[in-house]
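In the numbering used here, the protein residues as written are 89 to 153.
Just so you know, even glycine gets a beta-carbon here, dropped at the ideal spot from N, CA and C.
No experiment lies behind these values; they were computed from the predicted model shown.
Have a look at the structure below before the remarks.
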């Protein structure tokens, strides 16, 4: 259910993800397969973070000023 929601609403979108605690992840959702979300980050050097969808407590679009 979470995977379908993320694919429909956040694919190719810059987001912030809270998995609980003090850590927030920020980047562009590039893929969401087999219960894992791939988040691309970086401006000078590109990298990826892979997050277990079940660990996501909250996700929202990044607000730009």
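Any idea which residues DSSP pairs residue 136 with across the strands?
128, per the DSSP bridge assignment.
Here's the rule I'm using: 16 or more other beta-carbon atoms within 10 Å means buried, otherwise exposed. How should residue 130 be labelled?
Residue 130 is exposed by the Cβ-count criterion.
Out of 107, 96, 99, 95, state which residue places its alpha-carbon closest to the alpha-carbon of residue 145.
Of the candidates 107, 96, 99, 95, the one whose C-alpha sits nearest the C-alpha of residue 145 is 107.
Quick check: what's the CA-CA separation for residue 113 versus residue 97?
For residue 113 and residue 97, the distance between alpha carbons rounds to 17 Å.
Would the beta-carbon of residue 115 fall within 8 Å of that of residue 127?
Cβ atoms of residue 115 and residue 127: closer than 8 Å.
When the Cα of residue 125 is compared with those of 133, 152, 102, which residue comes out closest?
Here the closest residue by C-alpha is 102.
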